[in-house]
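Per our numbering: the sequence shown ends with 581, consecutive numbering throughout.
Beta carbons are placed, not taken as given, at the ideal position from N, Cα and C, and that holds for glycine.
These figures come from a predicted structure and were not determined experimentally.
Step one of this worksheet: look at the structure below.
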Amino acid sequence: MDTVPPPNDKPEIKYTKLFINNEWTESSDGSTFTTINPATEENICNVSEAKTADVDAAVEAARAAFELGSEWRNTDPSQRGVLLNRLADLMERDRVYLASLESLDNGRIYSQIYLYDIPGSVKVIRYFAGFADKYYGKTIPVDGDYFCYTKHDPVGVCAAIIPWNYPISLFSWKLAPCLAMGNTLVVKPAEQSPLSALYLASLIKEAGFPAGVVNVVPGYGGTAGSALSHHMDVDKIAFTGSGATGRLVQKAAADSNMKRVSLELGGKSPTIVFSDVDIDYAVATSSCAIFEHSGQVCSAGSRTFVHEDIYDEFVTRSIAYAKKLKIGSPMDTSTEHGPVVSKEQQKRVMEMLQSGVEQGCKVECGGNRCESRKGFYIEPTVLTGVKDDMLITQEEVFGPIQQIYKFKDISEVIKRANNTRYGLAAAVITNDIDKVMKVTSALNAGMIWVNCYYPASPGAPFGGYKESGFGRDKGQYALEQYTEVKTVITKVPGF
Ligand code: NAD
Ligand code: MN
Numbered sequence: 087m088d089t090v091p092p093p094n095d096k097p098e099i100k101y102t103k104l105f106i107n108n109e110w111t112e113s114s115d116g117s118t119f120t121t122i123n124p125a126t127e128e129n130i131c132n133v134s135e136a137k138t139a140d141v142d143a144a145v146e147a148a149r150a151a152f153e154l155g156s157e158w159r160n161t162d163p164s165q166r167g168v169l170l171n172r173l174a175d176l177m178e179r180d181r182v183y184l185a186s187l188e189s190l191d192n193g194r195i196y197s198q199i200y201l202y203d204i205p206g207s208v209k210v211i212r213y214f215a216g217f218a219d220k221y222y223g224k225t226i227p228v229d230g231d232y233f234c235y236t237k238h239d240p241v242g243v244c245a246a247i248i249p250w251n252y253p254i255s256l257f258s259w260k261l262a263p264c265l266a267m268g269n270t271l272v273v274k275p276a277e278q279s280p281l282s283a284l285y286l287a288s289l290i291k292e293a294g295f296p297a298g299v300v301n302v303v304p305g306y307g308g309t310a311g312s313a314l315s316h317h318m319d320v321d322k323i324a325f326t327g328s329g330a331t332g333r334l335v336q337k338a339a340a341d342s343n344m345k346r347v348s349l350e351l352g353g354k355s356p357t358i359v360f361s362d363v364d365i366d367y368a369v370a371t372s373s374c375a376i377f378e379h380s381g382q383v384c385s386a387g388s389r390t391f392v393h394e395d396i397y398d399e400f401v402t403r404s405i406a407y408a409k410k411l412k413i414g415s416p417m418d419t420s421t422e423h424g425p426v427v428s429k430e431q432q433k434r435v436m437e438m439l440q441s442g443v444e445q446g447c448k449v450e451c452g453g454n455r456c457e458s459r460k461g462f463y464i465e466p467t468v469l470t471g472v473k474d475d476m477l478i479t480q481e482e483v484f485g486p487i488q489q490i491y492k493f494k495d496i497s498e499v500i501k502r503a504n505n506t507r508y509g510l511a512a513a514v515i516t517n518d519i520d521k522v523m524k525v526t527s528a529l530n531a532g533m534i535w536v537n538c539y540y541p542a543s544p545g546a547p548f549g550g551y552k553e554s555g556f557g558r559d560k561g562q563y564a565l566e567q568y569t570e571v572k573t574v575i576t577k578v579p580g581f
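Written out as structure tokens, the structure reads:
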């Protein structure tokens, strides 16, 4: 593993304006909003706030960049790959700065961003760079004197609305296939964490992408996000965030121009632990599944199902694990548990926890804000006595709250694991191959980990079943989101 260099504790904030057509501009009415450091509750800076007129300008720039005859449309596919690789190089060059900036803005642990998010994003960008000239159509034997082929066209002007939990990664997952396939893009970062997207915009310009190919419009969901999802000249929208907002985005698409939609929403993912396992390994895996990034992960393993034969011991060791996580500043490389992103998020998580307690859950450890420190911290919390029909079992908490459930047999646990509106991820921990095969085939989830949690790779697609959304990020499947299939049938002379 790479060693982690010290962070830049006070990264200079270089970009705070809207990025439209490769220029930095104030918002049309001069509005700004403040972004906060979740670890200290201090204001970091004011950022220009995109309003409808600004979204219109960004879409117009993206449209102009997409017109036939534009510099971008005349860029060779192989050259699109070169540009993406250059962007990846620049992200590697600025790895410490970018990781520090992201950590400052969204409270995610610096060393995690440095070790995982940035290298992972770089790999995703390089992976799709390779596809720029390698994702092609077919020639198809058809009846009669005709020649038929398909061609993969770009969709056009794409928009990406991204959340605050993994801003750099999610920007990269959407940008890379989008640009590799020759589309243009407007990105709206989350209002809690706009800074890394703006810095990435500067790298995109430095890499040499033509003006208008990528535009970044920080702002609020209800204004800038809504303007994008309702826009008559946006051809496709890729959204990651909450189910409630995902619904609004899909509805906006239906109410406007029927733009293509892909949604990566929340989850309530089960980790199923059978009794034949190494308990310490299973505890470490299932605890990491929920406590990673203070539980603010769409694929978080928030429901831990444990076989009754090892249940008591498993709970005891899970409590010990949660208690020993080192709470601290996200900039401190020894920190294992950082804050949640905002006061609202902290409140939402504490309310969900409270609802669980009121319905009879037992708080085995944690359960509080970290009152002694500034910042939006919540203690790593383990709950037992949780019932399948409780609100806290059915709703995404998006915080560091592990819920442990006891089960008896495999059919029962499969049924209970699937008893949710969501279907993003799941994990099974066992050494019994028959149990692995049975559980992996029966679970309704887009991503299933066996004897691990969270490993990811650019080629491995990610996305949900059911209300966790549709469409896949990453992997070759992601290219389908960013291409239209054009079928051409040509009359040929007969013999
Ligand atoms: P959200 O879904 O409201 O925000 C995600 C993005 O959507 C942000 O950029 C936001 O500005 C934008 N948005 C908000 N309203 C919009 C609208 N009407 N039209 C278009 N875009 C809009 O998420 P949130 O309020 O920040 O968090 C609430 C909950 O969402 C969390 O508790 C968690 O359960 C879930 N969440 C999930 C993910 C994920 O990765 N799946 C990420 C963040 C939050
Ligand atoms: Mn912030």
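Which whole-angstrom value is the C-beta distance of residue i and residue j, which I expect to be below 8 Å?
i, j, result
"Glu482", "Gly352", "4 Å"
"Thr138", "Thr270", "Contact doesn't hold; Cβ gap of about 19 Å is too wide."
"Gln600", "Ile376", "Residue 600 lies beyond the stretch modelled for the chain, which goes from 87 to 581, so this question has no answer here."
"Tyr491", "Phe391", "5 Å"
"Glu422", "Leu411", "5 Å"
"Glu127", "Lys433", "About 13 Å separates the two Cβ atoms, so there is no contact after all."
"Ser355", "Ser404", "About 17 Å separates the two Cβ atoms, so there is no contact after all."
"Leu190", "Asn251", "Not a contact, Cβ separation roughly 15 Å."
"Lys103", "Glu112", "6 Å"
"Ile464", "Met438", "Not a contact, Cβ separation roughly 11 Å."
"Val273", "Phe257", "6 Å"
Rounded to the nearest angstrom, what separates residue i and residue j at their Cα positions?
i, j, result
"Met177", "Ala136", "25 Å"
"Asp362", "Glu394", "11 Å"
"Val522", "Val514", "7 Å"
"Gly532", "Gly509", "6 Å"
"Pro91", "Val182", "7 Å"
"Gly223", "Tyr235", "7 Å"
"Cys244", "Ser117", "25 Å"
"Ser207", "Val303", "21 Å"
"Asp115", "Ile323", "25 Å"
"Glu157", "Arg558", "29 Å"
"Trp259", "Asp319", "23 Å"
"Arg179", "Leu565", "27 Å"
"Lys577", "Lys237", "17 Å"
"Lys209", "Asp229", "43 Å"
"Thr506", "Gly485", "18 Å"
"Ser328", "Asn160", "37 Å"
"Val499", "Leu469", "18 Å"
"Val427", "Pro275", "14 Å"
"Gly442", "Val241", "45 Å"
"Asp364", "Cys451", "23 Å"
"Val571", "Ala150", "22 Å"
"Ser527", "Thr357", "15 Å"
"Ser186", "Thr89", "15 Å"
"Asn301", "Ala368", "44 Å"
Indicate, with yes or no, if ligand 2 has a heavy atom lying under 6 Å from the CB of residue i.
i, result
"Asp191", "yes"
"Ile515", "no"
"Ser282", "no"
"Thr121", "yes"
"Ser279", "yes"
Can a CB atom of chain C be found closer than 7 Å to the CB of residue i?
i, result
"Ser527", "Here there is only one protein chain, and chain C is not present."
Flag residue i as yes when its Cβ comes closer than 6 Å to any non-hydrogen atom of ligand 1, and as no otherwise.
i, result
"Asn160", "no"
"Pro304", "no"
"Leu334", "yes"
"Ser312", "yes"
"Cys538", "no"
"Gly557", "no"
"Ser315", "yes"
"Ser258", "no"
"Ala542", "no"
"Ala340", "no"
"Glu146", "no"
"Cys244", "no"
"Ser328", "yes"
Looking at residue i and ligand 4, is the gap between the Cβ and the nearest heavy atom below 6 Å?
i, result
"Gly549", "In the structure shown, ligand 4 is absent; the only ligands present are ligand 1 and ligand 2."
message: Using 8 Å as the cut-off, can you tell me whether the segment 139 to 153 makes contact with the segment 313 to 322, which would need three or more C-beta pairs spanning the two stretches below that distance?
response: yes
### Given 8 Å, three or more beta-carbon pairs between the segment 262 to 281 and the segment 442 to 462
When C-beta atoms of the segment 262 to 281 are compared with those of the segment 442 to 462, fewer than three pairs fall below 8 Å, so the two segments do not count as touching.
Counting pairs of Cβ atoms below 8 Å between the segment 337 to 351 and the segment 547 to 562, do you hit three or more? Taking 8 Å as the limit for Cβ pairs, the verdict is that the segment 547 to 562 does touch the segment 337 to 351.
Stretch pair the segment 291 to 303 + the segment 164 to 177: three plus CB contacts closer than 8 Å:
yes
Quick test of the definition: if touching needs 3 or more C-beta pairs under 8 Å, does the segment 331 to 346 touch the segment 539 to 551? No, because fewer than three Cβ pairs between the segment 331 to 346 and the segment 539 to 551 fall closer than 8 Å, the two stretches do not touch.
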